[in-house]
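Visitor: Under my numbering, the first residue of the sequence shown carries the number 53, and numbering increases by one thereafter.
Beta carbons are placed, not taken as given, at the ideal position from N, Cα and C, and that holds for glycine.
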Amino acid sequence: MEIKSDFLVIGTGIAGLTFALKAARYGTVSLLSKRSVRESATYYAQGGIASVLSKEDTFDEHIKDTIYAGAGLCDARIVDLVVKDGPARIQELIDRGVKFTSRHNGSATELDLGKEGGHSKRRIVHAEDLTGRAVEEALVSSVEADQNIRIYENHIAIDVITHSKFVGGSGEDSAWGAYALDKTTGEVHTFLAKATVLATGGAGKVYLFTSNPDVATGDGIAMAYRAGADIADMEFIQFHPTCLYHSKAKSFLISEALRGEGGILRLKDGTAFMKGHHRMEDLAPRDIVARAIDFELKKSGDDCVYLDMTHRPAVFIKERFPNIYSKCLEFGIDITATPIPVVPAAHYICGGVRTDVNGETSIKRLYAIGETACTGLHGANRLASNSLLEALVFADKASEDAVRLLKERGAPIPAIPSWETGGAVESEEAVVISQNWDEIRRFMWNYVGIVRSDKRLERAKRRIDLLKSEINEYYWDFKITNNLVELRNIATVAGLIIDSAMQRKESRGLHYNIDYPEKNDRDFLKDTVVNIRERV
């Protein structure tokens, strides 16, 4: 089946939904969601959105904090843009009905602003500790009410449709939509559009332990790479320092906001250890805290460290962190009386599809926004709660540019062939998928994790090259399934992470190689950029 619209948006987190709502004022939108429309990393975001919203804070302070965390690789122009545009984007969410937590200040009511690691001021706007859910619900309600937006749930995009591959011609390439699998029927549909937006989120499922939901398999990054777009800074994987360590807790995140409200990281014997790792102690940037925990666990042989909130009043903890309090209680942990067992887990990818100031990729008519994109904001390490801010700002910028594109480059969509299965048959060897999936995630955790070395990266490289060959053969022999598409994508993303990490012969931000423990500004004060066309 062929489905045409003015805009195709793949992904339904804060970035995709915001773009869809803004673009729908000027044309029709097809909105693809891999599962239900609400299932995204946004929905599970706890902490909040960083923005300058108080008189005690300034744009310059937020810019300074962002650039410091980014370890020299932030694009100063993008940082300035995102930080200064923040308050307007927050106000838009409030106007859409997002109820952020507020507090009374005398006779006035004002937003309750939190503080997180790496921030010099209180600037995190939040909805208790369920910010993402509040934002997602408000945006989904608006999307469902919009007559110009058609939602396609249970559709997983397979590949971007490019002019060079399906129409022909030379020179500057452009995108005309994507092929997508309807998981309910097993059919592959052709979604055509004059502007295509990748808003598929991150790639945490490339790693064995992650705070990400199951949908985070790097689909947009892998699709863009196969289409020929530039991919940048894939070596910078942010490991959140504090995920709940419990056999029955599936990657439940313990928000950084707890440390912002006085939480102290301790060893099993009660020793507070962050003072020996950074001047900001427990409020140090995430890369430093994650490495510190990794160092202490390797040193002690313990399974976890502990985040202690017991010195704060119980009533404050229950009111400020009701979701975390109740969730931990389900596992027998009363965080008002007992320190929380925590470990690092893969959380956020600072690299992604390289974009310009408007969110457009190196392929015309193809945009990338949210965690899928590498805009230049985060550099080598993302400052806490800057991710949702970036998604809002670039959804706004990309929608403006895509609308302009439709007006100025209003060429008709060319004829595109339907998906062909060729000689592919139903697979009777699904075990191949589960085996390869598990193997990739394990060696990525062990060899390409928080601390790396040349030898570990070489081992990972040999394994991923072999597995990618096996997966590619399987892909062409058997009919498409959701699990096969996701396996193909995590293999592609894993390969990009490994290759990028091998190129950076230094330690910077989230990339730490024990063979090169120092920064090397002379040779590596630059982005790592890869493109499939350069490897053919």
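#1: State the start and end residues of the unbroken alpha helix (DSSP H) segment that holds residue 352.
#2: To the nearest angstrom, how far is the alpha carbon of residue 266 from that of residue 504?
#3: Please name the residue in 526, 208 and 335 whose C-alpha comes closest to that of residue 314.
#4: With a CB to CB cut of under 7 Å and the five nearest residues on each side skipped, what residues in its chain are close to residue 488?
#5: Mapping DSSP to helix, strand and coil, what is residue 400?
#6: Could you pull the start and end residues of the beta strand (DSSP E) that residue 295 belongs to?
#7: Among 179, 276 and 517, whose alpha-carbon lies nearest the alpha-carbon of residue 307?
#8: So, at 8 Å on beta carbons, what are the nonlocal neighbours of residue 58 in its own chain, with the 5 sequence-adjacent residues on each side left out?
#9: Give me the Cα-Cα distance between residue 453 and residue 572, rounded to the nearest whole angstrom.
#10: Please identify the residue among 437, 448, 320 and 401 whose C-alpha is closest to the C-alpha of residue 390.
#11: Taking all protein chains shown into account, do 16 or more other C-beta atoms lie within 10 angstroms of the C-beta of residue 456, making it buried, or fewer, making it exposed?
#12: Given a threshold of 16 other Cβ atoms within 10 Å of its Cβ, counted over all protein chains shown, does residue 528 qualify as buried or as exposed?
#13: Identify which residue in 68, 55 and 64 has its Cα closest to the Cα of residue 451.
#14: Rounded to whole angstroms, how far is the Cβ of residue 253 from the Cβ of residue 63, which I believe are closer than 8 Å?
#15: Could you say which of 421, 299, 230 and 73 lies nearest to residue 278 if we only look at CA atoms?
#16: Starting from residue 498, trace the alpha helix (DSSP H) both ways and give me its first and last residue.
#17: By the three-class DSSP mapping on this structure, what secondary structure does residue 588 have?
#18: Going by beta carbon distance, what residues of the same chain come within less than 7 Å of residue 136, once the five residues before and after it are set aside?
#19: Would residue 331 and residue 324 qualify as a contact pair, given that the criterion is a beta-carbon distance under 7 Å?
#20: With a threshold of 7 Å between beta-carbons, can residue 373 be considered close to chain B, or not?
#21: Exposed or buried, what is residue 171 when buried is set at 16 or more other beta-carbons lying within 10 Å of its beta-carbon?
#22: In three-state terms, what does DSSP make of residue 78?
#23: Below 8 Å on the Cβ atoms is my contact criterion, and I expect residue 284 with residue 403 to pass it. Report the Cβ-Cβ distance as a whole number of Å.
#24: Using a Cβ-Cβ cut-off of 6 Å (strictly less than) and excluding sequence neighbours within five positions of residue 507, which residues of its own chain qualify?
#25: List the whole-angstrom C-beta distance separating residue 177 from residue 218, where the pair is believed to meet the contact cut-off of C-beta under 8 Å.
#26: Which residues in the same chain as residue 551 place their Cβ atom closer than 8 Å to its Cβ, once the five residues preceding and following it in sequence are excluded?
#27: Could you tell me if residue 525 is buried or exposed, where buried requires 16 or more neighbouring beta carbons within 10 angstroms of its beta carbon?
#28: Hey, quick one: how far does the alpha helix (DSSP H) through residue 564 stretch, first residue to last?
#29: Can we say the stretch 471-486 touches the stretch 91-101, given the rule of at least three CB pairs closer than 8 Å?
#30: Check the DSSP bridge columns for residue 156 and list the partner residues they point to.
#31: When you compare each of 309, 102, 396 and 61 to residue 344 by their alpha carbons, which one comes out closest?
#32: With C-beta atoms as the reference, is residue 411 less than 7 Å away from residue 419?
#33: Just checking my contact of residue 84 with residue 209 at CB under 8 Å: how many whole Å lie between their CB atoms?
#34: Since residue 545 is in the alpha helix (DSSP H), which residue starts that stretch and which ends it?
#35: Going by C-alpha distance, which of 537, 189 and 134 is nearest residue 148?
Guide: Based on what the coordinates show:
#1: Annotation for residue 352: the continuous alpha helix (DSSP H) segment containing it runs 338-352.
#2: Whole-angstrom Cα-Cα distance: 25 Å.
#3: For the options 526, 208 and 335, the alpha carbon positioned closest to that of residue 314 is the one of 335.
#4: Excluding positions up to five away in sequence, the list reads 519, 522, 523 and 539.
#5: When DSSP states are grouped into helix, strand and coil, residue 400 belongs to the strand group.
#6: For residue 295, the enclosing beta strand (DSSP E) covers residues 289-296.
#7: Selected option, being the one with the closest Cα: 179.
#8: 75, 78, 79, 80, 81, 245, 246, 247 and 458.
#9: Each residue's Cα considered, the two are about 37 Å apart.
#10: Ranking the options by Cα distance to residue 390, first place goes to 320.
#11: Exposed.
#12: When all chains shown are included, residue 528 counts as exposed.
#13: Among 68, 55 and 64, the Cα nearest to that of residue 451 belongs to 68.
#14: Right, their Cβ atoms sit about 6 Å apart.
#15: For residue 278, the closest C-alpha among the options 421, 299, 230 and 73 is that of 230.
#16: From DSSP, the alpha helix (DSSP H) with residue 498 extends over 483-499.
#17: Low confidence applies here, because residue 588 scores a pLDDT of 45, under 50, leaving its location unreliable; read the following figure in that light. Looking at residue 588 - three-state DSSP - the assignment turns out to be coil, as it is neither helix nor strand.
#18: Correct list, in chain order: 111.
#19: It is not a contact, given that the beta carbons lie outside the stated cut-off.
#20: Here there is only one protein chain, and chain B is not present.
#21: Buried, since its Cβ has 16 or more Cβ neighbours within 10 Å.
#22: If DSSP states are grouped into helix, strand and coil, residue 78 belongs with coil.
#23: Right, their Cβ atoms sit about 6 Å apart.
#24: By the criterion of a C-beta distance shorter than 6 Å, residue 507 is surrounded by no residue of its chain, once the five residues flanking it on both sides are discounted.
#25: Contact flag wrong, Cβ pair sits at about 44 Å.
#26: 286, 513 and 582, listed in sequence order.
#27: That one is exposed.
#28: That residue, residue 564, is in no alpha helix (DSSP H); it is neither H nor E in DSSP.
#29: Three or more beta-carbon pairs separated by less than 8 Å are not found between the stretch 471-486 and the stretch 91-101, which leaves the two stretches without contact.
#30: Residue 156 has 161 as its beta-bridge partners, per DSSP.
#31: Nearest to residue 344 by alpha-carbon distance, out of 309, 102, 396 and 61, is 396.
#32: Yes, Cβ-Cβ distance for residue 411 and residue 419 is below 7 Å.
#33: Confirmed, about 6 Å.
#34: Element bounds for residue 545: 534-555.
#35: Put simply, of 537, 189 and 134 the residue whose alpha carbon is nearest the alpha carbon of residue 148 is 189.
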